[in-house]
Structures are given as structure tokens and as C-alpha cells.
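Mind the numbering: the sequence shown is residues 19 to 375 in our numbering, read in order.
Glycine included, every Cβ here is placed at the ideal spot set by N, Cα and C.
Bear in mind that the values here come from a model prediction, so they are computed numbers and not experimental data.
Remarks on the structure that follows.
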Amino acid sequence: MQTKPVFEIPKDQKILILGPCSAESYEQLSSVCTQTMDLKPDLLRAGVWKPRTRPGSFEGKGEEALEWLIQIKKDFNIKVCTEVANQDHVEKCLKAGIDVLWVGARTTVNPFYVQEIADALKGTNVPVMIKNPLNPDLFLWLGAIERFYKAGLERIAAIHRGFSFYGNSIYRNVPRWQIPIELKRKLPEIQMIADVSHISGNPAHLQEIAQIAMDLNYDGLMVEVHPDPLQALSDSDQQVTPAFLKKFVLDQLIKRKTQSSNYLYNNKISEIRKEIDYIDKEIISLLAKRMQMADAIGIEKRNEEISIFQPERWAEIVSRLLVEAEKSNLSQEFIFSLTEAIHIESIQHQSAKMNNP
Ligand code: PEP
Ligand code: MN
Numbered sequence: 019m020q021t022k023p024v025f026e027i028p029k030d031q032k033i034l035i036l037g038p039c040s041a042e043s044y045e046q047l048s049s050v051c052t053q054t055m056d057l058k059p060d061l062l063r064a065g066v067w068k069p070r071t072r073p074g075s076f077e078g079k080g081e082e083a084l085e086w087l088i089q090i091k092k093d094f095n096i097k098v099c100t101e102v103a104n105q106d107h108v109e110k111c112l113k114a115g116i117d118v119l120w121v122g123a124r125t126t127v128n129p130f131y132v133q134e135i136a137d138a139l140k141g142t143n144v145p146v147m148i149k150n151p152l153n154p155d156l157f158l159w160l161g162a163i164e165r166f167y168k169a170g171l172e173r174i175a176a177i178h179r180g181f182s183f184y185g186n187s188i189y190r191n192v193p194r195w196q197i198p199i200e201l202k203r204k205l206p207e208i209q210m211i212a213d214v215s216h217i218s219g220n221p222a223h224l225q226e227i228a229q230i231a232m233d234l235n236y237d238g239l240m241v242e243v244h245p246d247p248l249q250a251l252s253d254s255d256q257q258v259t260p261a262f263l264k265k266f267v268l269d270q271l272i273k274r275k276t277q278s279s280n281y282l283y284n285n286k287i288s289e290i291r292k293e294i295d296y297i298d299k300e301i302i303s304l305l306a307k308r309m310q311m312a313d314a315i316g317i318e319k320r321n322e323e324i325s326i327f328q329p330e331r332w333a334e335i336v337s338r339l340l341v342e343a344e345k346s347n348l349s350q351e352f353i354f355s356l357t358e359a360i361h362i363e364s365i366q367h368q369s370a371k372m373n374n375p
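As C-alpha cells, this is what we get:
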């Protein structure tokens, strides 16, 4: 798969997609455009049909909002985008002349809808941005991108908007940065945009999330901006005014380079990287030794007809390693997931010895 950019921008610049969660009126959209003009956004975003979690909430202004977007496109000479969730939406957007479409998180989870949208776009060259699915499933995200690509669409970007969860988090949707990083490893040419508003869920975390996205070399940002966030008909908690966006988010961002021509820096980095590569090799070799021990245990347990999983031993390993983690200044979360991964592999080794002698 060789996707093409949705946005042609110079290498050292970032894509900026701004606009309200929902298109509420022509005046609201025009106020956003006027107030953000100096930021030169690449695209105005606004939801026309809103997928809401619970019935009874504002579900978008529908077709009349499409007309406002097209008027805005003419009046401000800006490209416009909106969310599509089925064939009917696509047909209406194509007819109206919307420049870019996006597929929302609640749609990416459903291959039937994704296919329907992709089929409705066959034969067009409309750029599509695909948000990650609600659940942290890399392959659903990748699969959705593949469905558009197979339908002949090449201009595809990915939007990372975080993942739903049950429980407590400081964010509305947990970022799980490793998933977009892995998507980018599989599709190096895809443009990756961080929807910082849906990840943070409130203005307090916007800058911090945007900075992480910049440091991870994302291609751009999507931010929900509203002239009067408290009065917004959807997502009022997370939208910010254009002035807030400028002062507290964009102006605070530290832009870092991806490479340097400084000889001393490059030498130092390659020295440290050699050391890291050596340590990684050692880790693999130690893990291989660790698994040989698991094989040996598997044989002993088989001979003695003892079950593989021993809860007390597992509890003892976890608490001992968490204490070690603390002493070594390693985070408890990291050591717990590492220990868990080693334990699963170890069980698989023992099980192979037990069941395939
Ligand atoms: C939105 O962008 O307003 C939206 C509904 O997004 P998501 O699909 O990420 O929830
Ligand atoms: Mn929204």
C-alpha cells in the first residue's frame, strides 16, 4: 500500500485542521474563520451529522450545514471537511463539493459501514482521513485504510483521537501512543494527524498532548475551536476559543527538528545507539535463557503431572519485581507489563513441553 498525502505541505511545516465540533450556523463558521485566519489553517472542520453516544443529544444540522460549509469555502477560500458515516452522507458531500471527508471513530469499528463509504467514493479522488476505531485495535484501523485503498482512493490520512476505556483517566480518550506509532511503522508514508481535542477532552491538556504529538513527529494537529465554547451544541467541554488556541496551545509548542547536521551531536548519538543495540541483543539473549529455564520446568512438571500456572509463584514474582523496579527507577506500569509478557511466553514454552513431548 502506497498512500499519497492528503495535504501537500513543505517538509518543515505541520498541517493544521481547525473548526467547531459541529457546524451550528453560517455565522459560527465564519466567526471561526475570521478569528483563525492569521493561523492559516489548511482545512476547516465541522460535523454536519453527529454520531452521539446517547439519543436525545444534538445530532447535527444535516444538509443545511453542508450549504454553510460550501459558502464558507467560497467566502474564505479555505478547504472544508466533514464526517461521513454512510453512503447517503458521501453522496450529499460529493454533490455539495466538500473537499475532504473523514471517517469517525464509531464508524471505523464497523467494516460494513467502512466498505459502504469506500464503495460510494469509488472513481473519485476525494481525500479521506480515517480516525482510529474507538477500541485499541490496530488492525481495524489498518483494515479501514485498506478498504479505501482497495476502492482506488490513494489520498488517505490517519487521525489519532485516542481510545475509549472504562475507568479513570485524566484524558477523555487514552492516547495509547504505541498504536499510531505501529500504524506509522506499517504505513510509513501515511500522514498522521493528532486530534488533540478528543484525546484531552478539556482545554487543560491540549498543549501537553499537542507537544507529545509534535515530539513524535506527527504531520499535523486537529483542534476543535468554537467562538463561544460554553454555548456549543456538542463537545462544549473540550472546545476552545481561537484566542485560547493561539495563546495557550500553538504559541507554547516547541518545534523540534527531526535531524541535525552537527557532527559532534551525530557522533554522540551513534555511539549511544551502538550501546543501545548491544544492550538490546543482551536482553534478547537473556530472555532466550529465561525461556530455556521455562522449558526445563515444563519437563519437570510434565513428569510430575503438575499444572503449569501457580498463582502463588506468579504473585511472588510480581511483587518482587515491582520492588526491584522501584529501586531501579523504572515505572511500575512498565515492569508489570514486561513481567506479564515474559510470563505469558513462559507459559507457552511450558505448555509446549507438556503437551508436545
Ligand atoms: C468529532 O470529530 O467531532 C467526532 C465525533 O470525532 P470522533 O469520531 O473522534 O469521536
Ligand atoms: Mn467533537
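Using the Cα positions of Trp-120 and Lys-113, report the straight-line distance between them to the nearest angstrom. Straight-line spacing of the CA atoms in Trp-120 and Lys-113 works out to 16 Å.
Assuming Ile-88 and Leu-62 make a contact with CB atoms under 8 Å, what is their CB distance in whole Å? Not a contact, Cβ separation roughly 11 Å.
Would you kindly work out how many angstroms separate the C-alpha atoms of Asp-93 and Asp-295, rounded to a whole number? Their Cα atoms are separated by approximately 55 Å.
Quick one: is the Cβ of Ser-75 within less than 7 Å of any heavy atom of ligand 2? no
Mind checking whether the beta-carbon of Glu-101 lies closer than 7 Å to any heavy atom of ligand 2? Between ligand 2 and Glu-101, a heavy atom-to-CB distance of less than 7 Å is absent.
With respect to the alpha helix (DSSP H) encompassing Lys-319, which residues constitute its N-terminal and C-terminal limits? 281 to 322
Under 5 Å from any heavy atom of ligand 2, by CB: list those residues in chain order, please. Cys-39 and Asp-253
At least three beta-carbon pairs within less than 8 Å, the stretch 64 to 84 to the stretch 101 to 115: They touch, by the three-pair rule.
In the DSSP assignment, the alpha helix (DSSP H) including Thr-71 goes from what residue to what residue? Segment: none, Thr-71 is in no alpha helix (DSSP H) and carries neither H nor E.
Any non-hydrogen atom of ligand 1 within 7 Å of His-216 CB: Yes, since a heavy atom of ligand 1 falls inside the 7 Å radius drawn around the Cβ of His-216.
The alpha helix (DSSP H) enclosing Val-336, as first and last residue numbers: 329 to 345
Does DSSP classify Asp-233 as helix, strand or coil? If DSSP states are grouped into helix, strand and coil, Asp-233 belongs with the helices.
Contacts around Glu-363, its chain only, beta-carbon distance under 6 Å, and the 5 residues preceding and following it disregarded: The answer is none, since no qualifying residue turns up.
Tell me the rounded alpha-carbon separation between Met-55 and Leu-171. 30 Å
Closest residue to Trp-159 among Asp-313, Lys-345, Glu-26 and Asn-128 (Cα-Cα distance): Asn-128
Considering only DSSP beta bridges, list what Asp-213 is partnered with. DSSP lists Met-240 as partners of Asp-213.
Own chain, CB closer than 6 Å to Pro-59, minus 5 neighbours either side, in chain order: Leu-34 and Leu-36
Curious, which full-length beta strand (DSSP E) runs of at least 3 residues does the stretch 85 to 116 contain? 98 to 101
Alpha carbon of Ile-27 to alpha carbon of Arg-173, nearest angstrom: 14 Å
Taking 7 Å as the line, does the beta carbon of Ala-176 fall inside it for any heavy atom of ligand 1? no
Going straight from the alpha carbon of Arg-124 to that of Ser-182, what length do you get? 10 Å
Local conformation of Val-144 per DSSP, three classes: coil
For Arg-63, the three-state DSSP class (helix, strand or coil): strand
Roughly how many whole angstroms lie between the Cα atoms of Glu-226 and Gln-46? 27 Å
Mind reading off the beta-carbon distance from Ile-211 to Tyr-236? Whole number of angstroms is fine, and I expect it under 8 Å. 7 Å
Can you look up Phe-166 in the DSSP assignment and give me helix, strand or coil? helix
Distance cut-off 7 Å: Asp-149 Cβ against heavy atoms of ligand 1: Going by the sequence as given, residue 149 is Lys instead of Asp. Indeed, a heavy atom of ligand 1 lies less than 7 Å from the Cβ.
Would you kindly work out how many angstroms separate the C-alpha atoms of Asp-313 and Leu-340, rounded to a whole number? 25 Å
Please determine, among Pro-151, Gly-161 and Asp-155, the residue with the shortest C-alpha to C-alpha distance to Ile-177. Pro-151
For my contact list, Asn-284 and Ser-278 are in at a C-beta cut-off of 8 Å; report their separation, rounded to the angstrom. 7 Å between Cβ atoms; contact.
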